[in-house]
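Engineer: Residue numbers (the UniProt record's numbering), protein chains in the order written: chain A, 1 to 756; chain B, 1 to 192.
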Amino acid sequence: MLSRRDFLAKGSAFCAITVYAPGTLGAQSKILTPATPFIKEINSICEMCSTRCPITVESRLGKLFIRGNLNAKSFGGKVCARGTSGSKLLNDPHRLVKPIKRTGPRGSGQWQEIEWEEAYQLIAVNLNQVRDQYGPEAIAVSSKSGSLSNHAFHFGKAIGTPNIFSHGSTCPISYAVAAKVMFGNELKLDLENSKYILNFGHNLYEGVNMSMTRGLLAAQEKGTVKVVVFEPRLSVMADKADEWHAIKPGTDIAVVLALSHVLIEEQLYDESFVQQYVSGFEDFATSMARYSPEWASEVCGISAGDIRRIARELAAAAPAAIADHGHRCTFTPEEFDLRRGIYAINVLLGNIERKGGVYFAKNSKLYNKLAGEAVAPSLEKIKVEGLPTPVLPRIDLAQAQFKYAAKAGGLYQSIIPAALQQQPYAIKAWVMSRSNPVQTVTDRTQVQKALEAMDFVVACDVYISESAAYADVVLPESTYLERDEDISDYSAKSPAYALRQQATDTIGNTRPSWQIFKEIADAMALGQFFPWQDIADYQQRQVANNPELLPQLRKEGYLSFGIPLLMREPDMVAKFRQHYPNAQPVSERGDYGHQLQFTTPSGKIELSSPSLEKIAPGRSVISYRPVTLKQPGELYFIQGKSALHTNAATQNIPLLYDLQPDNPVWIHPDTAAKLGISDGDSITITSQVGEEQGTAKVTLGIRKDTVFAHMGFGSKNQELTRAFGKGVHCGALLPHATAAITGSNVHTTGVTIRRV
Amino acid sequence: MNEKYVLIHDENRCIGCHACTAACNTSNDLADHQNRATIDVKGPYLIDGELHYRYLRVSCEQCDRPACIKACPYGAISQTVDGVVSFNHDRCKGCLMCVAACPTGGCFYNKHAKSTDNCDFCMKSRVAEGLQPACVTVCPADALIFGNANDPNSEVHKCLSTVLTYNRPVGYNNKPKLYRVASQVASERRLV
Ligand code: SF4
Ligand code: SF4
Ligand code: SF4
Ligand code: SF4
Chain A
1 MLSRRDFLAK GSAFCAITVY APGTLGAQSK ILTPATPFIK EINSICEMCS TRCPITVESR
61 LGKLFIRGNL NAKSFGGKVC ARGTSGSKLL NDPHRLVKPI KRTGPRGSGQ WQEIEWEEAY
121 QLIAVNLNQV RDQYGPEAIA VSSKSGSLSN HAFHFGKAIG TPNIFSHGST CPISYAVAAK
181 VMFGNELKLD LENSKYILNF GHNLYEGVNM SMTRGLLAAQ EKGTVKVVVF EPRLSVMADK
241 ADEWHAIKPG TDIAVVLALS HVLIEEQLYD ESFVQQYVSG FEDFATSMAR YSPEWASEVC
301 GISAGDIRRI ARELAAAAPA AIADHGHRCT FTPEEFDLRR GIYAINVLLG NIERKGGVYF
361 AKNSKLYNKL AGEAVAPSLE KIKVEGLPTP VLPRIDLAQA QFKYAAKAGG LYQSIIPAAL
421 QQQPYAIKAW VMSRSNPVQT VTDRTQVQKA LEAMDFVVAC DVYISESAAY ADVVLPESTY
481 LERDEDISDY SAKSPAYALR QQATDTIGNT RPSWQIFKEI ADAMALGQFF PWQDIADYQQ
541 RQVANNPELL PQLRKEGYLS FGIPLLMREP DMVAKFRQHY PNAQPVSERG DYGHQLQFTT
601 PSGKIELSSP SLEKIAPGRS VISYRPVTLK QPGELYFIQG KSALHTNAAT QNIPLLYDLQ
661 PDNPVWIHPD TAAKLGISDG DSITITSQVG EEQGTAKVTL GIRKDTVFAH MGFGSKNQEL
721 TRAFGKGVHC GALLPHATAA ITGSNVHTTG VTIRRV
Chain B
1 MNEKYVLIHD ENRCIGCHAC TAACNTSNDL ADHQNRATID VKGPYLIDGE LHYRYLRVSC
61 EQCDRPACIK ACPYGAISQT VDGVVSFNHD RCKGCLMCVA ACPTGGCFYN KHAKSTDNCD
121 FCMKSRVAEG LQPACVTVCP ADALIFGNAN DPNSEVHKCL STVLTYNRPV GYNNKPKLYR
181 VASQVASERR LV
């Protein structure tokens, strides 16, 4: 019998990752005439999702084809379906290409086209009015994270509001906060070299994150890795794994804690690592003692034997073994200890800064220091003097427990109570940039009400998105293919930079967000806080000390410097020292372990965090707290990513829409039979806060007690003419809930389903 | 010796992400809702006691003995010396005789080109420029390999001589140049 683990390894042995040089098939041209003799190439960065892969835009007489930039090795010169469809967004006749202002009630779809100057004046007058009447903190600024958010956020700072939000709390905030608390910094995964990967619903083969996806593929290709997936649904990730455990939603934490229990109980953990780098181990171990595999089995249904075996297999593969922090599968109010628990496994395995383990990005500052020379150029932080200091704390800091979350992008959803109940104080105006809270924040009705309650809303987007539909003024932003942007740091095992560049002429009367926010600031007499003339000037300021970097980046799009380095991997450190004769001396282990620094209060990895006690009593030690994600009789409702769409953004883009127009609801055949539902039936799906119409996809690839849908569909905005009304609007079904500490918006709930 | 262009789809590697479909659409002349190639993610099936999907590429098989050519009354379909079947959009009258004759649903009426069309291995677009086909260029999983099977140094040659591949069988010996590497758990399609 062939097991799952043969799935990728066998039969593909012939093929190392193949890269063809352009022109290798030139012989063909003697028979066929080239379509166009002239191809212009511009290197840039994709923006169809938040991964931001380096891309090469080929232009044939103005017709664009997008592929990956071969300079960025870990991205393999590849793009996903969304990435290569960028030209469809660019050329979509439904795009917004002129500023508009609302002429009817909010959300009525009645608009009038206006000139940019009028738009800026309207915005300036209204924002100034809100600021004068309620104070600057009554203005919220939110943006999808990425290089474009810099300018929106800087605009918020110039106004003097503390209430600046990224989309983080509706997506990846939990593992970011958990990593901050434990390590002081975020971690990267060396999937490619790993021998054992535990995956808690991080569906890298559908929620494509190119370098991670390719790292995992490369590991599976070698046939030397075992991948164990815990996920309620048979995702492509689960399909390709060696083991798939269809875990009950919300109970992953039981497995996670029991794994630590076994690692400690059987002394399978890296004691010397723990001794050198960890604080709070005793408290952690005492807590874990309660969570035996037998206990976990009761909670999650995975057998105690399996949990013990997996713990032992993990330990045998360590340090080349990873517990992946997970992404967008089952959300729980206990996100914090779930993600901390996952990281704790990595700590026990001693895989920090080891091959096949986890590591910190080596930016130029750290890398150059270790090398004893300037291997990589550094970017200057652009400082602006005299920015106003906010008077009031952020609205999400009303509860001290969200201290870390506030720094990691904030609790996006906290705008809703601030708007509707003035809790903790009133937000009266909302400036949003490429952000779609009406799709992604829980309880759509409340989000809509919050928008309706605002004195003034301005949205900056490429479409009249579902959220922009409720704005007073919508500003048409240039797509990523039409704009230049700041230089971005792409450091991983060595320093790297990438640059977004304009690849084609701007269509219509759109402007890039750096310009929009600078010009709004001008209109509000805040221009002094935007001292750069334009983006070229901004980039020059970034490379002030390394002017040669910019022309190189313009040409190459992506540049990495130095050789890969993991600080606790003696081989790599030896190579590094051969390369750089002035490099720092090694520790007695022959590595840079002694140089590892953690920016936590103790300066160590905090398996337990006493400082948390102050902001969240009882939270210092990782522990299990039961959660209720659904009522008896209901089905769990979970969501996830599709390889064809990005949650909040792509549903209306031609081609991507055509390839996946909606999100049928996955339901198990037995459950469907009980409810009299057949594949393809129209269904009504009801939760405590909403009711949606959809279609059923009856499949064995889901637990009997769970239903699944891809996030981002069912738009209720008529202006998205393609996406309008197609599929289930997940946000409309999710009751409002926030996870402790991490501030994550909980995207799991209970639903009932019936045939229409 | 002439070139013999072949395409191999490795179902072990394929993740069903449709980057191939999208890249083909953006680089060739196609309406948004049409495609020359797609990936049919089938299943899940219970295979050796476990659930698994199958990833089947659906496109023109590039037959060496193409039924479509014989069926076309207007001589609009031709095969290059390298064996690649390609549609001449200027000659095609849209009678759909080829569509009727093709045993695998490999050709379709292209609404943009106003002609029947197929996956021509990008012979008229990227390959004519000396580049790899669009789908091969973007595939995140390196699941597609294209090249000249008669060149002993080519990846496709190496693959075909070392790995078990299969073709989609049809009623007559059509000799497709689209090869497939079967998923290893997919016992029902494994050749012996
Ligand atoms: S994963 Fe796809 S959409 Fe996201 S940045 Fe990369 S190519 Fe673009
Ligand atoms: S692009 Fe590659 S991995 Fe994705 S569906 Fe196509 S063949 Fe499969
Ligand atoms: S698959 Fe169909 S269209 Fe393609 S060559 Fe064969 S007969 Fe012609
Ligand atoms: S080879 Fe070219 S025509 Fe055929 S599917 Fe790939 S991109 Fe499309």
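A virtual CB, placed ideally from N, CA and C, is assigned to each residue, including glycine.
Would K42/B be called buried (16 or more neighbouring beta carbons within 10 Å of its own) or exposed?
Structural biologist: By 1-based counting over the second sequence, the position of residue 42/B is 42. Exposed, since its Cβ has fewer than 16 Cβ neighbours within 10 Å.
Engineer: Contact defined as beta carbons within less than 8 Å: I believe T330/A pairs with P232/A. What is the distance between those atoms, to the nearest angstrom?
Structural biologist: Residue mapping note: residue 330/A aligns to position 330 of the first sequence, counting from 1. Residue mapping note: residue 232/A aligns to position 232 of the first sequence, counting from 1. About 7 Å; that satisfies the 8 Å criterion.
Engineer: What ranges does the alpha helix (DSSP H) occupy inside the region 414-472 of chain A, keeping only unbroken runs of at least 4 residues that lie completely in it?
Structural biologist: Listed in chain order, the complete alpha helix (DSSP H) runs (minimum 4 residues) inside the region 414-472 of chain A are 415-420, 437-440, 444-453.
Engineer: Measuring from the CB of H52/B, is there a heavy atom of ligand 2 at a distance below 7 Å?
Structural biologist: If you number the second sequence from 1, residue 52/B lands on position 52. The answer is no for H52/B.
Engineer: Is there a C-beta anywhere in chain B that falls below 8 Å from the one on A315/A?
Structural biologist: What you label residue 315/A is simply residue 315 of the first sequence in a count that begins at 1. Output row for A315/A: interface = no.
Engineer: Does the beta carbon of S27/B come closer than 8 Å to any beta carbon on chain A?
Structural biologist: By 1-based counting over the second sequence, the position of residue 27/B is 27. S27/B counts as touching chain A.
Engineer: Is there contact here, the region 539-553 of chain A with the region 466-475 of chain A, by at least three beta-carbon pairs under 8 Å?
Structural biologist: No, they do not touch.
Engineer: Under 8 Å between C-beta atoms, does V6/B make it to chain A?
Structural biologist: Within the second sequence, numbered from 1, the residue matching residue 6/B stands at position 6. Judged by the 8 Å Cβ criterion, V6/B is not in contact with chain A.
Engineer: What residue range does the beta strand (DSSP E) around T628/A cover?
Structural biologist: Working through the first sequence from its first residue, we reach residue 628/A at position 628. Taken as a continuous stretch (DSSP letters only), T628/A belongs to no beta strand (DSSP E), as it is neither H nor E.
Engineer: Going by DSSP, which residues form a beta bridge with L198/A?
Structural biologist: Numbered from 1 along the first sequence, position 198 holds the residue referred to as residue 198/A. L198/A is bridged to V228/A, A323/A.
Engineer: If you follow the alpha helix (DSSP H) that S174/A is in, where does it begin and where does it stop?
Structural biologist: Residue 174/A sits at position 174 when you count from the first residue of the first sequence. Unbroken alpha helix (DSSP H) run through S174/A: 173-183.
Engineer: Counting only beta-carbon atoms, is F360/A nearer than 8 Å to chain B?
Structural biologist: Counting from one through the first sequence, the residue named residue 360/A turns up at place 360. No, F360/A lies away from the interface with chain B (no Cβ there is under 8 Å from its Cβ).
Engineer: May I ask you to verify whether the region 497-504 of chain A touches the region 40-49 of chain A, counting CB pairs closer than 8 Å and requiring at least 3?
Structural biologist: Contact holds: three or more Cβ-Cβ distances are below 8 Å.
Engineer: Closer than 8 Å, CB to CB, is Y558/A near chain B or not?
Structural biologist: The sequence position of residue 558/A within the first sequence is 558, counting from 1. No, because no Cβ of chain B sits closer than 8 Å to the Cβ of Y558/A.
Engineer: Give the residues of chain A in contact with G94/B, contact being defined as C-beta atoms less than 7 Å apart.
Structural biologist: Position 94 of the second sequence holds residue 94/B. Near G94/B there are no residues of chain A at all, since even the closest Cβ is about 22 Å away, more than 7 Å.
Engineer: Where do the ends of the alpha helix (DSSP H) carrying I520/A lie?
Structural biologist: Start at 1 with the first residue of the first sequence, and residue 520/A comes out as number 520. Looking at the DSSP string, the run of the alpha helix (DSSP H) that includes I520/A is 513-523.
Engineer: Would you list the residues sitting across from F65/A in a DSSP beta bridge?
Structural biologist: Here residue 65/A refers to the residue found at position 65 when the first sequence is read from its first residue. The partner list for F65/A (beta bridge, DSSP) reads E58/A.
Engineer: Using a Cβ cut-off of 8 Å (strictly closer), state whether P34/A contacts chain B.
Structural biologist: Counting from 1 along the first sequence, the entry for residue 34/A is found at position 34. Note that P34/A scores a pLDDT of 43, beneath 50, so its modelled location is shaky and nothing firm can be said.
Engineer: Roughly how many whole angstroms lie between the Cα atoms of I345/A and H245/A?
Structural biologist: In the first sequence, the residue the question calls residue 345/A occupies position 345. In the first sequence, the residue the question calls residue 245/A occupies position 245. The alpha-carbon atoms of I345/A and H245/A are separated by roughly 18 Å.
Engineer: So which residues of chain B does I39/A contact, with C-beta pairs closer than 9 Å?
Structural biologist: Taking the first residue of the first sequence as position 1, residue 39/A is located at position 39. Within chain B, the residues near I39/A are E129, L131.
Engineer: CB of A321/A to nearest heavy atom of ligand 2: below 7 Å?
Structural biologist: Your numbering for residue 321/A matches position 321 in the first sequence. Result no, Cβ not under 7 Å from ligand 2.
Engineer: Whole angstroms is fine: what's the gap from S272/A's alpha carbon to V689/A's?
Structural biologist: Translated into the one-based positions of the first sequence, residue 272/A becomes position 272. Translated into the one-based positions of the first sequence, residue 689/A becomes position 689. In a straight line, the C-alpha of S272/A is about 51 Å away from that of V689/A.
Engineer: Taking beta-carbon pairs under 8 Å, can you tell me which members of the region 223-248 of chain A lie near chain B?
Structural biologist: Taking 8 Å as the Cβ-Cβ cut-off against chain B, the residues of the region 223-248 of chain A that qualify are L234, V236, D239, K240, W244.
Engineer: Is L178/B close to chain A, meaning its C-beta is less than 8 Å from at least one C-beta of that chain?
Structural biologist: Locating residue 178/B in the second sequence gives position 178, counting from the first residue. With 8 Å as the cut-off, L178/B does not count as an interface residue toward chain A.
Engineer: Taking CB distances under 8 Å as the criterion, tell me whether Y53/B reaches chain A.
Structural biologist: As a working mapping, residue 53/B is identified with position 53 in the second sequence. Chain A, which has a Cβ nearer than 8 Å to the Cβ of Y53/B, makes this yes.
Engineer: T137/B touches chain A at which residues, Cβ-Cβ below 7 Å?
Structural biologist: For the purposes of this step, residue 137/B is taken as residue 137 along the second sequence, with counting starting at 1. Neighbours of T137/B on chain A, chain order: R67.
Engineer: Quick check on H33/B: buried or exposed, where buried means 16 or more other Cβ atoms within 10 Å of its Cβ?
Structural biologist: Here residue 33/B corresponds to residue number 33 of the second sequence, with the count starting at 1. That one is exposed.
Engineer: Can you check whether the C-beta of S59/A is within less than 8 Å of a C-beta belonging to chain B?
Structural biologist: In the first sequence, the residue the question calls residue 59/A occupies position 59. Not closer than 8 Å to any Cβ of chain B, the Cβ of S59/A fails to qualify, so no.
Engineer: CA-CA distance, K407/A and H154/A?
Structural biologist: Here residue 407/A refers to the residue found at position 407 of the first sequence. Here residue 154/A refers to the residue found at position 154 of the first sequence. Rounded to the nearest angstrom, the two C-alpha atoms are 15 Å apart.
Engineer: Alpha carbon to alpha carbon, how far is R180/B from C20/B? Give it in angstroms, no decimals.
Structural biologist: For the purposes of this step, residue 20/B is identified with residue 20 of the second sequence, where counting begins at 1. For the purposes of this step, residue 180/B is identified with residue 180 of the second sequence, where counting begins at 1. So the two alpha carbons sit approximately 15 Å from each other.
Engineer: What does D90/B reach in chain A if we use C-beta pairs closer than 9 Å?
Structural biologist: Here residue 90/B is taken as the residue at index 90 of the second sequence, counted from 1. Under the 9 Å cutoff, chain A gives no residues; its nearest Cβ is about 14 Å from D90/B.
Engineer: Could you tell me which whole beta strand (DSSP E) segments of length 3 or greater appear in the region 277-324 of chain A?
Structural biologist: 321-324, all fully within the region 277-324 of chain A.
Engineer: Kindly indicate which three-state DSSP category P570/A falls into: helix, strand or coil?
Structural biologist: Here residue 570/A refers to the residue found at position 570 of the first sequence. Note: P570/A maps to helix in three-state DSSP.
Engineer: Can you tell me which of the three DSSP states Q34/B falls into?
Structural biologist: Within the second sequence, residue 34/B is the residue found at index 34, counting from 1. Note: Q34/B maps to coil in three-state DSSP.
Engineer: Beta-carbon of C17/B versus every beta-carbon of chain A: anything under 8 Å?
Structural biologist: Working through the second sequence from its first residue, we reach residue 17/B at position 17. Chain A contact via Cβ: present.
Engineer: In this structure, does DSSP put E691/A in helix, strand or coil?
Structural biologist: As a first step, residue 691/A must be located in the first sequence, where it is residue number 691. Note: E691/A maps to strand in three-state DSSP.
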